[in-house]
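**Q**
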Amino acid sequence: MASEIINPRGELTREQPTHAPSAGLVDAGIDPVFALHRGGKMAVRGTVPLRDADDLSLAYTPGVARVCEAIAERPELVHDYTWKSGTVAVVTDGSAVLGLGDIGPEASLPVMEGKAILFKQFGGVDAVPVALDCREPDELVETVVRLAPSFGGINLEDISAPRCFEIERRLQERLDIPVFHDDQHGTAVVTLAALRNAARLTGRDLADLRVVISGAGAAGVAISRILMGAGVGDVVVCDRRGVVSADRTDLTDVKRELAELTNRTGLTGSLADALAGADVFVGVSGGTVPESAVASMAPGAFVFAMANPDPEVHPEVAARHAAVVATGRSDFPNQINNVLAFPGIFAGALRVRATRITEGMKLAAAEALASVVADELSPTRVIPSPFDERVAPAVAAAVAEAARAEGVARI
Numbered sequence: 104m105a106s107e108i109i110n111p112r113g114e115l116t117r118e119q120p121t122h123a124p125s126a127g128l129v130d131a132g133i134d135p136v137f138a139l140h141r142g143g144k145m146a147v148r149g150t151v152p153l154r155d156a157d158d159l160s161l162a163y164t165p166g167v168a169r170v171c172e173a174i175a176e177r178p179e180l181v182h183d184y185t186w187k188s189g190t191v192a193v194v195t196d197g198s199a200v201l202g203l204g205d206i207g208p209e210a211s212l213p214v215m216e217g218k219a220i221l222f223k224q225f226g227g228v229d230a231v232p233v234a235l236d237c238r239e240p241d242e243l244v245e246t247v248v249r250l251a252p253s254f255g256g257i258n259l260e261d262i263s264a265p266r267c268f269e270i271e272r273r274l275q276e277r278l279d280i281p282v283f284h285d286d287q288h289g290t291a292v293v294t295l296a297a298l299r300n301a302a303r304l305t306g307r308d309l310a311d312l313r314v315v316i317s318g319a320g321a322a323g324v325a326i327s328r329i330l331m332g333a334g335v336g337d338v339v340v341c342d343r344r345g346v347v348s349a350d351r352t353d354l355t356d357v358k359r360e361l362a363e364l365t366n367r368t369g370l371t372g373s374l375a376d377a378l379a380g381a382d383v384f385v386g387v388s389g390g391t392v393p394e395s396a397v398a399s400m401a402p403g404a405f406v407f408a409m410a411n412p413d414p415e416v417h418p419e420v421a422a423r424h425a426a427v428v429a430t431g432r433s434d435f436p437n438q439i440n441n442v443l444a445f446p447g448i449f450a451g452a453l454r455v456r457a458t459r460i461t462e463g464m465k466l467a468a469a470e471a472l473a474s475v476v477a478d479e480l481s482p483t484r485v486i487p488s489p490f491d492e493r494v495a496p497a498v499a500a501a502v503a504e505a506a507r508a509e510g511v512a513r514i
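All residue numbers in the sequence shown are consecutive under the numbering used here, ending with 514.
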């Protein structure tokens, strides 16, 4: 069965499959997923014409040499005369890919390509998948640093915790372009935006809320930090062994810092113990939360069960006890989807040639995202759709303004 593809020259063609897919996979000529992915989901196209020798002499030699010499003399011109200021590297080592886990760099490429086309579709930002065959933080950091001159920003993707925290921190220290681990901060920004609107809808202040987070990995840590930074009353984080509290002796360095920042009332025990009387549940860990634990939450609670494909609390169960329910799935209302954040955040940061993405820029992104639907709130609409065309411009404008206010913008 023939399938349509875009060939390396950017032309739409029809091609017969040349080989059967691996054992256990549905035939690529029949399964629409394989048909769509055949040949990859993206291509590189020029932005200038190459019609004749004159065009070639301007785009390449000899004309290009003049631009190179100008940049060598004034390095800041690279932003004006190359793609650098509008292009992001989507970097992974394939160690924590979606719900698939450690599948390696080659198997991660379909996800990284998908991320790249989301950047373009939703934020107008060019992005290049970069799947690296290295795992040690030293090696990965050094590799990204050496690649960085080609890009205006680095989006770290699907790198396992706790390595991801160290890798992001060290890259931020060494590079003068934005470094953003989307699994952490994209999730955190969208979660905060949804929480702001849920509180507005129900007439509550963030300072009055006690939030329980299930999961102390990349997303859980980042959500905890942004919620505390936004003024949430208290956050209690739970891992597989229960509440992350200062009295535990089995904590990693990251969790020890988390224990010092959160859990102001000194709760101990299990996730179910923490949920008793809580105002908000945020799930980023998988597993199942018993309905009895959800029922023990405060009246009018919010349940954000974001594990995919199976939420920690099924929305139908959560709706029996909660005023607002959100998930990570597109087939239920209030999808907490990172695509609401990262395209606009990078678009805004690149617009002002920011040297980094600050906490203030993330908070501004969350407030801008929430404001898109602030006049349209309902229990099934506390966050915009990813296809709402107002989202990326609003987030980008807020991020650019915050970058200037915080002194990290070049222009």
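Using N, Cα and C, we set each Cβ at its ideal position, and we do this for glycine too.
Does DSSP put Arg313 in a helix, a strand or coil?
**A** Residue state, collapsed to three classes: strand.
**Q** Candidates Pro482, Val181 and Asn258: which alpha carbon is nearest Ala219's?
**A** If we check each option's Cα against that of Ala219, Asn258 comes out closest.
**Q** Give the secondary structure of Ser484 by DSSP, where H, G and I count as helix, E and B as strand, and everything else as coil.
**A** The sequence as given places Arg at residue 484; Ser does not occur at that position. Reduced to three states, the DSSP call for Arg484 is strand.
**Q** Taking Cβ to Cβ, would you say Phe225 is nearer than 8 Å to Pro489?
**A** In contact: Phe225 and Pro489 (Cβ atoms closer than 8 Å).
**Q** Suppose the cutoff is 6 Å on Cβ atoms and the five residues either side in sequence are ignored; what does the same chain contact list for Val383 look like?
**A** Excluding positions up to five away in sequence, the list reads Leu312, Val314 and Phe405.
**Q** Closest by CA to Met409, which one among Gly380, Val338, Val346 and Asp286?
**A** The option with the nearest alpha carbon to Met409 is Asp286.
**Q** Buried or exposed for Ser317, going by 16 or more other Cβ atoms inside 10 Å?
**A** By the neighbour-count rule (16 or more Cβ atoms within 10 Å), Ser317 is buried.
**Q** Taking only the alpha-carbon atoms, compute the straight-line gap between Val494 and Val475 and give it to the nearest angstrom.
**A** Spanning the two alpha carbons is a distance of roughly 7 Å.
**Q** At the level of alpha carbons, what is the spacing between Met145 and Ala377?
**A** Distance between the alpha carbons of Met145 and Ala377: 45 Å.
**Q** Can you tell me the Cα-Cα spacing of Glu172 and Pro178, whole angstroms?
**A** Those two C-alpha atoms are separated by around 10 Å.
**Q** Quick one: give me the first and last residue of the beta strand (DSSP E) that His284 is part of.
**A** Per DSSP, His284 belongs to the beta strand (DSSP E) from Val282 to His284.
**Q** Run through DSSP, which three-state label would Ile257 get?
**A** Ile257 falls in the strand class under three-state DSSP.
**Q** Checking 8 Å against the spacing of the C-beta atoms, do Ala192 and Phe254 come in under that value?
**A** Yes, they are a contact pair.
**Q** When the Cα atoms are used, what is the spatial distance from Ala301 to Gly289?
**A** Cα to Cα, Ala301 sits roughly 19 Å from Gly289.
**Q** Please name the residue in Ala319, Thr355, Lys358 and Asp308 whose C-alpha comes closest to that of Gly334.
**A** Among Ala319, Thr355, Lys358 and Asp308, the Cα nearest to that of Gly334 is on Asp308.
**Q** Taking the straight line between their C-alpha atoms, what separation do you get for Phe222 and Val228?
**A** Whole-angstrom Cα-Cα distance: 5 Å.
**Q** Please state whether the Cβ-Cβ distance between Val338 and Thr365 is less than 8 Å.
**A** Yes, these two residues count as a Cβ contact at 8 Å.
**Q** If you run the structure through DSSP and keep just helix, strand and coil, what is Ala505?
**A** Here Ala505 sits in helix by DSSP.
**Q** Measure the CB-CB distance between Arg303 and Ala477 and report whether it falls below 8 Å.
**A** Yes, they are a contact pair.
**Q** Helix, strand or coil: how does DSSP classify Asp157 here?
**A** Asp157: helix per DSSP, three-state reduction.
**Q** Rounding to the nearest angstrom, what Cα-Cα distance links Arg432 and Ser198 in this structure?
**A** Their Cα atoms are separated by approximately 23 Å.
**Q** Just to confirm, are Ser211 and Thr195 a CB contact at a threshold of 8 Å?
**A** It is a contact, given that the beta carbons lie within the stated cut-off.
**Q** In whole angstroms, give me the CA-to-CA distance for Val181 and Arg277.
**A** About 19 Å.
**Q** Can you give, in chain order, each stretch of the alpha helix (DSSP H) that sits fully within the stretch 306-391 and has at least 4 residues?
**A** Those alpha helix (DSSP H) runs which fall completely within the stretch 306-391 and span 4+ residues are 321-332, 356-364 and 374-378.
**Q** Entirely within the stretch 390-470 and at least 3 residues each: give me those beta strand (DSSP E) ranges in chain order.
**A** If we require 3 residues or more, the beta strand (DSSP E) runs fully inside the stretch 390-470 come out as 404-408 and 425-430.
**Q** According to DSSP, is Gly226 part of a helix, a strand, or is it coil?
**A** Looking at Gly226 - three-state DSSP - the assignment turns out to be helix.
**Q** Can you check whether the CB of Pro487 is closer than 8 Å to the CB of Leu443?
**A** Yes, these two residues count as a Cβ contact at 8 Å.
**Q** Which word fits Val498, buried or exposed, when buried means at least 16 other C-beta atoms lie within 10 angstroms of its C-beta?
**A** With 16 or more other Cβ atoms within 10 Å, it is buried.
**Q** From Gly166 to Pro213, what does the alpha carbon distance come to, in whole angstroms?
**A** About 37 Å.
**Q** Three-state secondary structure (DSSP) at Asp190?
**A** For the sequence presented, residue 190 should be read as Thr rather than Asp. It is a strand residue.
**Q** Counting C-beta neighbours from all protein chains within 10 Å, is the total for Ala425 16 or more, i.e. buried, or is it exposed?
**A** That one is buried.
**Q** Spatial neighbours of Asp205 within its chain, please: CB distance less than 6 Å, with the 5 preceding and 5 following residues excluded, ordered by chain position.
**A** Closer than 6 Å at Cβ, skipping near neighbours: Ser198.
**Q** Helix, strand or coil for Gly165? Go by DSSP, reduced to three states.
**A** Note that residue 165 is Pro in the sequence shown, not Gly. If DSSP states are grouped into helix, strand and coil, Pro165 belongs with coil.
**Q** For a test of the three-state rule: what should DSSP assign to Pro240, helix, strand or coil?
**A** Of the three classes helix, strand and coil, the one that applies to Pro240 here is helix, per DSSP.
**Q** If I measure Cβ to Cβ from Gly127 and keep anything under 6 Å in the same chain, skipping five residues before and after, which residues do I get?
**A** Any reading at Gly127 is ruled out, since the residue's pLDDT is 48, under 50, leaving its predicted position unreliable.
**Q** Beta carbon of Gly143, beta carbon of Glu216: below 8 Å?
**A** Cβ distance < 8 Å, so Gly143 and Glu216 count as in contact.
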